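Visitor:
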Ligand code: GCU
């Protein structure tokens, strides 16, 4: 498989760095969401010849029979007769036989297209987990790896008038050198899990734009594709209307003095912005804020802020939860976090959807976003590093202009060894080079040097802006009451954010507060933990793990877990556990 994808990567057309291919005036924007036919292919019969030889990608499935195959030839598949899956959506929760499926599924949709002169066309995927190969009308456009970030292909020359066959090979098989690796505590939801769109843009269009605000001046870089030209920026409510010229490099630079109302959780003030060049005209909404650390404090707009957070997975609330499919799913989770009294969210352990980030920004949540360098990945592999860096750049590229994002995190609970430090040190340097305006972190671990003494020490602390770590006193270590006497040794000088703490309980399971998985035990655990953590010097943020019970194949305990990690403050149906109110009282108390 890997050899094939390397071959294809060489063949594939340039993968476009996803940026500003959003709906906009002067553009055409077609959603390709809906019911797509699918064929399950556990042995990749659609790619390999029977000797498992790979002379070249066996175009069997890309040459969609409906359009191309000589009907006298024997082929043993037919998308037209195949069942359908909803796109966006993971396949695991759409069919019993796909619940645990790891492997290849072929998707096909037919796109009825009518050319508009003077336009270029791009095929944009919000995310596909975990890797894919995209073919249009029997031409392989390219491949993408990484299950949580957007990508696109230019298809101007491949689209035809009338029906077009769009075929996507998707494979969610875990791999020791993948990111994440073989072992992680969430469900491996496979499929085309976020929106698919076809975007028509003018010959010369705004491919991307980035804004930085230092408290007085807003600096913009606007990137044209297809040529040079004049670029205009308007922010009507601020009376801003500026023009600049994009030279041969296609980049227009602006430095604009601005005195906006600042974005903050208490007042998530957003402004409409219009960027235009020729016939291309993008409208978006932006917030203005600054964030930095000073000693042991996090300063938002120059004032100390405490991160009243919660960690969450990108999984919907409901009887049959799955990968969030859109704004409605995101809103349900964000409403629960708002009800909890949060002003901050740790979007764990991978980039969540663009809808989640944009909605969180409008609702006034500061955000921690992270890439899935989770537990013990293959630190010595250059390919693994390139994959991790690409996912980092795609995450930053998508959300660079989101005021809500204040922290980029490069890892979670990774083992301390030289090759890991080198790997993450490079990622942190890359993060700072790509975006010098935000804080950089990683969720570290504590260790007990004896049952009563917790220590946080890690070479990464010297490289990050925050000292963030996960701790489970009262669950994996000790009892809730042991929190009262636990001694901590934590380096000083940086803001401390507890990136995970908590325990499990089944909603409605009531009993002694000495009994694991009862709601009473979890409430007691949170009361003792909150008292203990409040005493830590430099404490600047808290993230209970986790907002909602979430699926994980590591949590099979029948009658209690049933494939769910029960550390949620609410269960998968959104029902609030007693511990939810312990945390909410704490957050609302000051
Ligand atoms: C770890 C990990 C989480 C996991 C949690 C748990 O801290 O970061 O992803 O779900 O522990 O054990 O529940």
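Residue numbers (our numbering): 2 to 591.
Yeah, the Cβ is synthetic: ideal placement off N, Cα and C, and Gly gets one too.
What you are looking at is a predicted structure, and each value in this text was computed from that prediction instead of being measured.
Taking just the CA atoms, how far does residue 515 sit from residue 524?
Guide: Cα-Cα distance, rounded: 11 Å.
Visitor: Using DSSP bridges, identify the partner residues of residue 448.
Guide: BP columns for residue 448 point to 456.
Visitor: Within the present structure, is the beta-carbon of residue 474 separated from the nearest heavy atom of ligand 3 by less than 7 Å?
Guide: Looking at this structure, you won't find ligand 3 anywhere; what it does contain is ligand 1.
Visitor: So, do the region 382-391 and the region 346-362 have three or more beta carbon pairs nearer to each other than 8 Å?
Guide: Touching, no.
Visitor: Alpha carbon to alpha carbon, what distance is there between residue 190 and residue 170?
Guide: In a straight line, the C-alpha of residue 170 is about 15 Å away from that of residue 190.
Visitor: Which same chain residues end up closer than 8 Å to residue 83 when comparing Cβ atoms and leaving out the 5 residues on each side of it in sequence?
Guide: Excluding positions up to five away in sequence, the list reads 38, 39, 40, 109.
Visitor: Residue range of the alpha helix (DSSP H) that residue 397 falls in?
Guide: Element bounds for residue 397: 383-400.
Visitor: For the alpha helix (DSSP H) that contains residue 424, what are its first and last residues?
Guide: Residue 424 -> alpha helix (DSSP H) spans 419-435.
Visitor: I believe residue 544 touches residue 569 by the beta-carbon criterion, under 8 Å. Please report the beta-carbon distance rounded to the nearest angstrom.
Guide: Rounded, the Cβ-Cβ distance is 13 Å, inconsistent with contact.
Visitor: Write down the C-beta distance between residue 106 and residue 42 rounded to the nearest angstrom, noting that I regard them as a contact closer than 8 Å.
Guide: Indeed, because the Cβ distance is near 7 Å, the residues count as touching under 8 Å.
Visitor: If you draw a straight line from the C-alpha of residue 94 to the C-alpha of residue 554, how long is it?
Guide: Their backbone Cα atoms lie some 14 Å apart in a straight line.
Visitor: List the whole-angstrom C-beta distance separating residue 28 from residue 201, where the pair is believed to meet the contact cut-off of C-beta under 8 Å.
Guide: Contact flag correct, Cβ pair sits at about 6 Å.
Visitor: Anyone know if the C-beta pair for residue 314 and residue 187 falls short of 8 Å?
Guide: Contact: yes.
Visitor: Taking 6 Å as the limit between beta carbons, can you name the residues of its chain near residue 305, skipping five residues before and five after?
Guide: Cβ within range, chain order: 298.
Visitor: Helix, strand or coil for residue 547? Go by DSSP, reduced to three states.
Guide: Coil at residue 547, not helix or strand.
Visitor: Can you check DSSP and say which residues form a bridge with residue 132?
Guide: Answer is 146, 172.
Visitor: Can you grab the Cα-Cα spacing for the pair residue 417 / residue 279, in whole Å?
Guide: Approximately 52 Å between the Cα atoms of the pair.
Visitor: Is the beta carbon of residue 262 closer than 8 Å to that of residue 270?
Guide: For residue 270 and residue 262, yes; Cβs fall inside 8 Å.
Visitor: With distances taken Cα to Cα, identify the nearest neighbour of residue 361 among 374, 375, 372, 339.
Guide: Checked all of 374, 375, 372, 339; the closest Cα to residue 361 is 339.
Visitor: Which residues in the same chain have their Cβ closer than 7 Å to the Cβ of residue 331, if we skip the five residues on either side of it in sequence?
Guide: Cβ neighbours of residue 331 beyond the five flanking positions: 325, 354, 356, 357, 360.
Visitor: Going by DSSP, name the residue or residues bridged to residue 38.
Guide: DSSP, once it has assigned bridges, lists 85, 109 as partnering residue 38.
Visitor: Shorter than 7 Å, the distance from the beta carbon of residue 501 to the closest heavy atom of ligand 1, or not?
Guide: True, at least one ligand heavy atom lies under 7 Å from that Cβ.
Visitor: Kindly give me the distance between the Cβ atoms of residue 230 and residue 91, rounded to whole angstroms, as I take these residues to be in contact under 8 Å.
Guide: Actually they do not touch by this definition, with Cβ atoms about 42 Å apart.
Visitor: Using only alpha-carbon positions, find the residue among 275, 101, 234, 167 that is nearest to residue 81.
Guide: Among 275, 101, 234, 167, the Cα nearest to that of residue 81 is on 167.
Visitor: For a test of your reading of the model: does the CB of residue 549 fall under 7 Å from any non-hydrogen atom of ligand 1? Yes or no.
Guide: It does not: the Cβ of residue 549 is nowhere closer than 7 Å to a heavy atom of ligand 1.
Visitor: Which residues in the same chain as residue 13 place their Cβ atom closer than 6 Å to its Cβ, once the five residues preceding and following it in sequence are excluded?
Guide: Bear in mind that the predicted position of residue 13 carries a pLDDT of just 41, short of 50, making it unreliable; the figure below should be weighed with that in mind. Only 143, 144 meet the Cβ criterion.
Visitor: Does the region 421-436 come close enough to the region 489-499 that 3 or more CB-CB pairs lie under 8 Å?
Guide: No, the region 489-499 is not in contact with the region 421-436.
Visitor: Any heavy atom of ligand 1 closer than 7 Å to the CB of residue 568?
Guide: Checking every heavy atom of ligand 1 against the Cβ of residue 568, one is found closer than 7 Å.
Visitor: Would you list the one or two residues that DSSP bridges to residue 235?
Guide: Partner(s): 242, 275.
Visitor: Okay, do the region 561-575 and the region 500-519 touch, 3+ Cβ pairs below 8 Å being the bar?
Guide: With a cut-off of 8 Å, the region 500-519 and the region 561-575 count as touching, because enough Cβ pairs lie within range.
Visitor: Report the start-end ranges of each alpha helix (DSSP H) in the region 544-589 that is 4 residues or longer and not cut off at the edges.
Guide: Those alpha helix (DSSP H) runs which fall completely within the region 544-589 and span 4+ residues are 579-589.
Visitor: Express the C-alpha separation of residue 472 and residue 478 in angstroms, rounding to a whole number.
Guide: Approximately 9 Å between the Cα atoms of the pair.
Visitor: Just to confirm, does residue 546 get its C-beta within under 7 Å of one of the non-hydrogen atoms of ligand 1?
Guide: Yes, the Cβ of residue 546 comes within 7 Å of a heavy atom of ligand 1.
Visitor: Can you list the beta strand (DSSP E) stretches of 3 or more residues lying completely in the region 494-518, in chain order?
Guide: The region 494-518 contains these whole beta strand (DSSP E) runs: 497-502.
Visitor: Any idea if residue 529 is buried or exposed, counting beta-carbon neighbours within 10 angstroms, 16 or more meaning buried?
Guide: Looking at its Cβ environment, which holds 16 or more other Cβ atoms inside 10 Å, residue 529 is buried.
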